[in-house]
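Okay, structure first, notes after.
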Amino acid sequence: MPSILTTLAQGSAPFISTFLLIHLSAPAMANLGGSSLASQVMILGREYYKTSFGHRYLVVLPIVTHGLSATAKRIMGERSSRPLRSLFTIAGYASLLFLLPQHYLLHRVFPSDPNPPVLAVSPAELDFEYVKFGLHQWPLTNWALYVGLTACVAWHAAEGSRIIWNTWLAAEAGIWKKNTKRHAAAVIAGVLPVLTGLFVMSRESLMLFSATAERYEAAFRHHVFFRV
177 MPSILTTLAQ GSAPFISTFL LIHLSAPAMA NLGGSSLASQ VMILGREYYK
227 TSFGHRYLVV LPIVTHGLSA TAKRIMGERS SRPLRSLFTI AGYASLLFLL
277 PQHYLLHRVF PSDPNPPVLA VSPAELDFEY VKFGLHQWPL TNWALYVGLT
327 ACVAWHAAEG SRIIWNTWLA AEAGIWKKNT KRHAAAVIAG VLPVLTGLFV
377 MSRESLMLFS ATAERYEAAF RHHVFFRV
């Protein structure tokens, strides 16, 4: 039987995957309808993860549980822990400890600053125009953060799916053997629609008032990466 820590780490993964599918479907839909359709899909997705219950218990709690239980397994020396140097582990910790916090700060914390000049950008104003603005103003930094986050999360999720399968379903359905080429293909298939959607939006003209642009810029400049 899997340990309690393994159960917590793997049991929280489906909640994180559900959030990712909903959250990333919005930029992917920009391939079909640009930022307008992406923003509409994002608004629908917020019904899942932006409510007080959804944000706390369907997003934050699973992510924290996943990270803490996996780290505890490693500290306690459980055999099921993957090598620290493996791409699976590196991608997971790069996402959890660096890329995800930057994304959260830039898209949730800094735009909520009630002080001028940000003046707490409302959810209605915080759509994909904000993303487009960042890609127009600081393309290299924003592309590095978006590509890094989506690629690391996708690699960790693809490998994690195999691990969960082999933990719970291998006895009945057979072992899911490791295949690096198929793994890479799955990662590319998951990441590419999101990045091409961002590219489509980055090619659009900005559709916002100058006052809103100033507030967006102030939110970005809260982060040290965007003060240069």
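Going by the working numbering, 198 is the number at position 22 of the sequence shown; the sequence numbering is gapless.
No residue lacks a Cβ here, since even glycine has one placed at the ideal position from N, Cα and C.
Note on geometry: alpha-carbon atoms of residue 303 and residue 297 lie some 10 angstroms from one another.
Annotation for residue 207: the continuous alpha helix (DSSP H) segment containing it runs 189-225.
DSSP places residue 269 in the uninterrupted alpha helix (DSSP H) bounded by 263-270. Inside the segment 307-371, DSSP marks no whole beta strand (DSSP E) run of 3 or more residues. In the DSSP assignment, residue 279 falls within the unbroken alpha helix (DSSP H) covering 276-280.
A straight-line Cα-Cα distance of about 50 angstroms links residue 344 and residue 384. For residue 253, there is no enclosing alpha helix (DSSP H), as DSSP marks it with neither H nor E.
Sixteen is the threshold: when 16 or more other Cβ atoms of the shown chains lie within 10 Å of the Cβ of residue 391, as they do, the residue is buried.
Looking at the backbone, the Cα of residue 319 and that of residue 220 are separated by about 25 angstroms.
Only residues of its own chain outside the window of five on either side were considered, and among them 195, 225 have a CB closer than 7 angstroms to the CB of residue 235, listed in chain order. With contacts defined as CB atoms closer than 9 angstroms, residue 314 and residue 401 qualify as a contacting pair. DSSP places residue 380 outside both helix and strand once states are collapsed to three, so it counts as coil. Assignment of residue 403 by DSSP, reduced to helix, strand and coil, places it in the coil class. The C-beta of residue 180 has fewer than 16 other C-beta atoms within 10 Å across all chains shown, which makes the residue exposed. One thing to note: residue 286 has its Cβ within 9 angstroms of the Cβ of residue 395. Distance between residue 316 and residue 239, taken at the CA atoms: about 28 angstroms.
Secondary structure of residue 293 (DSSP, three-state): coil. With respect to the 9 angstroms criterion, residue 376 and residue 206 are classified as neighbours on the basis of their beta carbons. In this structure, DSSP gives residue 302 a state outside helix and strand, which the three-state scheme calls coil.
Pairwise C-beta distances place the segment 200-218 in contact with the segment 362-370, as three or more of them are shorter than 8 angstroms.
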